[in-house]
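Encoded as structure tokens, the structure appears first; notes follow it.
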Amino acid sequence: MHGSLTPKPLSSTRWESRVDTIRFQIGDIREALLEVAEIDHDSKIKSEAKSLALNELGDFEFLVSIIIWYEILSLVNEVSKHLQTKSMLIYVAISQVKALISCFEKYRENGFSKAIDIAKDIAKDIDINPVFPKRPISSLKKRFEQYEKYENIFGFIFTTDKLYSLDDSALESCCVNLQNVLKNKILLTIPITVTSAERSFSKLKLLKSYLRSTMLQDRLNGVVMIAIENGLFEKVTYAELIDDFASKNARRAIVFK
């Protein structure tokens, strides 16, 4: 490593001692990572070091966020230490919190522009292009373009109000357009959110515990379905369910008679 460069380890509790860890060492850390990527013999370490140096630490957006978080956490850290003193009085604590809120309000007005200027100076020193990436905006536009495309095709049947608002010629035009789109195509359901999928994984953590580690896939699918659709399952009449299960096999009918 370079000189006395010793980055502090990650901690979820003592964050105040790590406020300035990257803020004033980002150039040295990036240079050290690039050197590791060149001289290390482990291909995995070389790849990870190069990725961190060029992608994460080489991103102007990340650099700006480091500057902003340093300014905010420094203010919070100073007030936090005062509030933790044994001799702290309630009126003093209230005044310091009010002052902190006032600092945040002022920072909201002109702090971002100052952070940009500081980040540009640091980016110039460590050879980073001081430009924000445009990928998130283009990706968001692309997603909404797809939704707009679906709306142009299926929008007239989304609501009854929109359907009734069309005159005969407009309705005929929409139906012809829909017919042309559906020719030789498979109609898919386009989910607006991923809540259902996330709910499945949440239930899976509860069901697939170490006590049920030997559960096979078919049974797991059934148990997960029962857990997710619990509202529907509570309405099921068990007697009718057993009778239906038994009626599909003569041997079962004898057992469950």
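Under our numbering, the sequence shown is numbered contiguously, ending at residue 580. Note that the Cβ used here is the ideal one computed from N, Cα and C, for glycine as well.
Note the first and the last residue of the continuous alpha helix (DSSP H) segment covering residue 548. Counted from its first residue, the sequence shown places residue 548 at position 225. Boundaries of the alpha helix (DSSP H) around residue 548: 540-551.
So, at 7 Å on beta carbons, what are the nonlocal neighbours of residue 454 in its own chain, with the 5 sequence-adjacent residues on each side left out? If you number the sequence shown from 1, residue 454 lands on position 131. Correct list, in chain order: 383.
Going by other Cβ atoms of all chains shown within 10 Å of its Cβ, with 16 needed for buried, is residue 381 buried or exposed? By one-based count along the sequence shown, residue 381 stands at place 58. Residue 381 counts as buried, since no fewer than 16 other beta carbons sit within 10 angstroms of its beta carbon.
Could you check if residue 498 is buried or exposed, using at least 16 other CB atoms within 10 Å of its CB as the buried criterion? Position 175 of the sequence shown holds residue 498. Under this definition residue 498 is an exposed residue.
Short Cβ contact (9 Å threshold) for residue 500 with residue 476: Walking along the sequence shown from the start, residue 500 turns up at place 177. Walking along the sequence shown from the start, residue 476 turns up at place 153. In this structure, residue 476 lies closer than 9 Å to residue 500 by Cβ.
Please state whether DSSP places residue 359 in a helix, a strand or coil. Position 36 of the sequence shown, counting from 1, holds the residue named residue 359. Here residue 359 carries a helix assignment [DSSP, helix/strand/coil].
Go to residue 347, then tell me how far its alpha helix (DSSP H) extends in each direction, as first and last residue. Working through the sequence shown from its first residue, we reach residue 347 at position 24. Here residue 347 belongs to no alpha helix (DSSP H), and DSSP marks it neither H nor E.
By how many angstroms is the C-alpha of residue 440 removed from the C-alpha of residue 353? As a first step, residue 353 is located in the sequence shown; it is residue number 30 there, counting from the start. As a first step, residue 440 is located in the sequence shown; it is residue number 117 there, counting from the start. So the two alpha carbons sit approximately 20 Å from each other.
What residue range does the alpha helix (DSSP H) around residue 448 cover? Along the sequence shown, one-based indexing puts residue 448 at 125. First-last of the alpha helix (DSSP H) with residue 448: 413-448.
Pull up the distance between the alpha-carbon of residue 527 and that of residue 495, whole angstroms please. In the sequence shown, the residue the question calls residue 527 occupies position 204. In the sequence shown, the residue the question calls residue 495 occupies position 172. C-alpha separation (whole angstroms): 47 Å.
Best match in 399, 543, 449 for proximity to residue 356 [C-alpha to C-alpha]: Translated into positions along the sequence shown, residue 356 becomes position 33. It is 449 whose Cα lies nearest to the Cα of residue 356.
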